[in-house]
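Heads up: the structure comes next, in structure tokens.
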Amino acid sequence: MIKEIRTVGALNVPSGMTVSYINTPEYAEKLNEKKQLEEKRQTLAAELTQLQNRHSQLTISLRDQKNQQDELLMTQQSTEEKIKLILNFINKMKEPPVVEENKENEDDAGPAVPASECDSSSSS
């Protein structure tokens with residue numbers, strides 16, 4: 086008692102049975118809605134992929150900018166230290182030199198007289 090199986094559309098139907106199709110307006114609407122929802126799902130999946138790619142790009146860009154910011158900060162600190170060294174050097178060069186005389190020389194020569202006073206007294 087082997088029954089013959091026939092294919093109707095996507096269904097395998099044994100012989101002796103009938104296949105009936107529902108062809109009501111509600112069914113057609115549901116099929117149309119299902120098709121629209123599938124298209125919407127595909128559109129949203131593509132949009133999700135694009136957004137994930139954009140997220141990856143922005144994450145990489147943000148990390149690169151953070152690294153660049155850190156490098157600039159280190160360069161700024163190094164430059165500020167060098168500027169301080171230069172300013173200290175300039176200030177030391179502006180200061181009059183400190184001359185330390187030996188006590189023995191002061192006693193022998195008498196009080197120190199500025200050179201401008203020495204020149205004016207000898208010409209009078």
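The numbering used here puts the last residue of the sequence shown at 209; the count rises by one with no breaks.
We put the beta carbon where it would ideally sit given N, CA and C, even for glycine.
What number of angstroms, rounded off, separates the C-alpha of residue i from the C-alpha of residue j?
| i | j | result |
| --- | --- | --- |
| Met178 | Lys169 | 14 angstroms |
| Leu158 | Glu118 | 58 angstroms |
| Glu123 | Gln162 | 58 angstroms |
| Thr128 | Gln135 | 11 angstroms |
| Asn173 | Gln150 | 34 angstroms |
| Glu166 | Thr160 | 10 angstroms |
Can you list, in chain order, the residues of its chain with a C-beta nearer than 6 angstroms to that of residue i? Leave out the 5 residues immediately preceding and following it.
| i | result |
| --- | --- |
| Cys164 | This sequence places Thr at residue 164; Cys is not what is there. For Thr164, where only same-chain residues beyond five positions count, there are no Cβ hits under 6 angstroms. |
| Leu133 | none |
Counting only the same chain and skipping the five closest in sequence on each side, list residues whose C-beta sits under 7 angstroms from that of residue i.
| i | result |
| --- | --- |
| Met86 | Any reading at Met86 must be qualified, since the residue scores a pLDDT of 48, below 50, and its modelled position is unreliable; the value itself is stated next. Around Met86: no qualifying Cβ. |
Quick one: give me the first and last residue of the alpha helix (DSSP H) that residue i is part of.
| i | result |
| --- | --- |
| Pro181 | Run containing Pro181: none; DSSP gives neither H nor E here. |
Spatial neighbours of residue i within its chain, please: C-beta separation below 8 angstroms, excluding the five flanking residues on both sides.
| i | result |
| --- | --- |
| Gln137 | none |
| Ala113 | none |
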